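Before any comments, here is the structure.
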Amino acid sequence: GAVVSQHPSWVICKSGTSVKIECRSLDFQATTMFWYRQFPKQSLMLMATSNEGSKATYEQGVEKDKFLINHASLTLSTLTVTSAHPEDSSFYICSAEEVNEQFFGPGTRLTVL
Amino acid sequence: QKEVEQNSGPLSVPEGAIASLNCTYSDRVSQSFFWYRQYSGKSPELIMSIYSNGDKEDGRFTAQLNKASQYVSLLIRDSQPSDSATYLCAVNTGFQKLVFGTGTRLLVSP
Chain A
1141 GAVVSQHPSW
1151 VICKSGTSVK
1161 IECRSLDFQA
1171 TTMFWYRQFP
1181 KQSLMLMATS
1191 NEGSKATYEQ
1201 GVEKDKFLIN
1211 HASLTLSTLT
1221 VTSAHPEDSS
1231 FYICSAEEVN
1241 EQFFGPGTRL
1251 TVL
Chain V
2 QKEVEQNSGP
12 LSVPEGAIAS
22 LNCTYSDRVS
32 QSFFWYRQYS
42 GKSPELIMSI
52 YSNGDKEDGR
62 FTAQLNKASQ
72 YVSLLIRDSQ
82 PSDSATYLCA
92 VNTGFQKLVF
102 GTGTRLLVSP
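Quick note, the sequences are listed as chains A and V, same order. Numbering follows the numbering used here, with no gaps: position 80 of the first sequence is 1220. Numbering follows the numbering used here, with no gaps: position 56 of the second sequence is 57.
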């Protein structure tokens, strides 16, 4: 299957700071990428759909000013968590679509102190 | 009613047995169906995709789709302890988005 990478794999930050997470499709071009969040023992929740060259589409209840998404190229999408707070601590996972299938990155574990 | 429903389990099977995982979905216009495996603390890994009614086999895995009854299943033959994980059913309801079930935890005992 297609390979998707994420960086960093984990990050610890202080409350109020911003954190950027990168998602890259390594062996294919992805016009569409997705950002999910997963809390412990819960299923994946889609946060937003990221389309190359256009604004992201956010799911209901997701603050677009807090979770900034940029999809500047066909292989890179970034998620910036602005002014992070402890309740933003979670497992953030991106996926990229190739031929109607979504392949997930390894995830980024964010801990906000 | 949840869009995609799975029994949370755990489903316990002995090594070598067949594990049967089930999923039902509510949106009749759904066209694409996927099974992902997720190990604890890791991200999901795509196992199978199925688009038409019937069975689709890939190695020890068989996905079954019945659109009239709105269910998808995954059979794992010759289950191994390494198959112990949470299995997520996902449905594409249109507009590229996947809706995930809450997952079924599978435990394969040696």
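We treat Cβ as the ideally placed atom computed from N, Cα and C, and that holds for glycine. Please read these numbers as outputs of a predicted model, since none were measured by experiment.
**Report entry** Terminal residues of the beta strand (DSSP E) in which histidine 1147/A lies
**Finding:** Working through the first sequence from its first residue, we reach residue 1147/A at position 7. Its beta strand (DSSP E) spans residues 1144-1147.
Requested in this report: Let me know the beta strand (DSSP E) ranges lying completely inside the region 21-77 of chain V, each 3 residues or longer, listed in chain order.
Outcome: 33-39, 46-51, 55-59, 62-67, 72-77
Requested in this report: Kindly indicate if chain V contains any beta-carbon less than 8 angstroms away from that of glutamate 1241/A.
Outcome: Taking the first residue of the first sequence as position 1, residue 1241/A is located at position 101. Closer than 8 angstroms to some Cβ of chain V, the Cβ of glutamate 1241/A qualifies, so yes.
Query raised in the report: So what does isoleucine 1209/A bridge to, in DSSP terms?
Result: The residue you call residue 1209/A lines up with position 69 of the first sequence. Bridge partners of isoleucine 1209/A: Leu1219/A.
Query raised in the report: Applying the criterion that 16 or more other CB atoms from any shown protein chain within 10 Å of the CB defines a buried residue, is alanine 1212/A buried or exposed?
Result: The residue given as residue 1212/A occupies position 72 in the first sequence. So alanine 1212/A counts as exposed.
Requested in this report: Please list, in chain order, all residues of the same chain as asparagine 1255/A whose beta carbon is under 6 angstroms from its beta carbon, the five residues on each side excluded.
Outcome: With chain A covering 1141 to 1253 only, the question about residue 1255/A has no answer from this structure.
Requested in this report: Measure the C-alpha to C-alpha separation of tyrosine 40/V and glutamate 58/V and round it to an integer number of angstroms.
Outcome: The residue you call residue 40/V lines up with position 39 of the second sequence. The residue you call residue 58/V lines up with position 57 of the second sequence. Taking the straight line joining both Cα atoms gives about 22 angstroms.
Report task. With 9 angstroms as the limit, tell me which residues of the region 44-65 of chain V have their beta carbon closer than that to any beta carbon of chain A; keep them in chain order. Result -> Ser44, Pro45, Glu46, Leu47, Ser50, Tyr52
Report task. Starting from the beta carbon of glycine 1245/A, find every residue of chain V whose beta carbon is closer than 7 angstroms, and list them in chain order. Result -> One-based indexing of the first sequence puts residue 1245/A at position 105. The answer, in chain order, is Ser44.
Report task. Just tell me which of Gln1200/A, Tyr1232/A, Val1252/A, Thr1251/A has its CA closest to the CA of glutamine 1146/A. Result -> Here the question's residue 1146/A lines up with position 6 in the first sequence. Of the candidates Gln1200/A, Tyr1232/A, Val1252/A, Thr1251/A, the one whose C-alpha sits nearest the C-alpha of glutamine 1146/A is Tyr1232/A.
Query raised in the report: Considering only residues of the same chain and omitting the five flanking positions on each side of phenylalanine 1179/A, which have a CB-CB separation below 7 angstroms?
Result: Within the first sequence, residue 1179/A is the residue found at index 39, counting from 1. Answer for phenylalanine 1179/A: Ser1230, listed in chain order.
Report task. Would you tell me roughly how many angstroms separate the C-alpha atoms of glutamate 1192/A and alanine 64/V, rounded to the nearest one? Result -> What you label residue 1192/A is simply residue 52 of the first sequence in a count that begins at 1. What you label residue 64/V is simply residue 63 of the second sequence in a count that begins at 1. Cα-Cα distance, rounded: 32 angstroms.
Query raised in the report: Counting along the chain, where does the beta strand (DSSP E) carrying isoleucine 19/V start and finish?
Result: Position 18 of the second sequence, counting from 1, holds the residue named residue 19/V. Where isoleucine 19/V is concerned, there is no enclosing beta strand (DSSP E), given that its DSSP letter is neither H nor E.
Report task. Would you mind stating whether serine 1235/A and glycine 1245/A have Cβ atoms separated by less than 8 angstroms? Result -> Within the first sequence, numbered from 1, the residue matching residue 1235/A stands at position 95. Within the first sequence, numbered from 1, the residue matching residue 1245/A stands at position 105. It is a contact, given that the beta carbons lie within the stated cut-off.
Requested in this report: Please determine, among Cys24/V, Ser21/V, Ile51/V, the residue with the shortest C-alpha to C-alpha distance to phenylalanine 35/V.
Outcome: Counted from its first residue, the second sequence places residue 35/V at position 34. Nearest option by C-alpha distance: Ile51/V.
Requested in this report: Taking only beta carbons into account, state which residues of the region 88-109 of chain V come closer than 9 angstroms to chain A, listed in chain order.
Outcome: Leu89, Ala91, Asn93, Phe96, Gln97, Lys98, Leu99, Val100, Phe101, Gly102, Thr103, Gly104
Requested in this report: Taking leucine 1192/A as part of the beta strand (DSSP E), name the residues at either end of that continuous run.
Outcome: Here residue 1192/A refers to the residue found at position 52 of the first sequence. Reading off the sequence shown, one finds glutamate at residue 1192/A, where the question assumed leucine. Counting along the chain, glutamate 1192/A falls outside any beta strand (DSSP E), and DSSP gives it neither H nor E.
**Report entry** Beta-carbon gap between arginine 78/V and arginine 106/V smaller than 8 angstroms
**Finding:** Taking the second sequence and counting its residues from 1, the one referred to as residue 78/V is at position 77. Taking the second sequence and counting its residues from 1, the one referred to as residue 106/V is at position 105. No, the pair does not count as a contact, with Cβ atoms beyond the cut-off.
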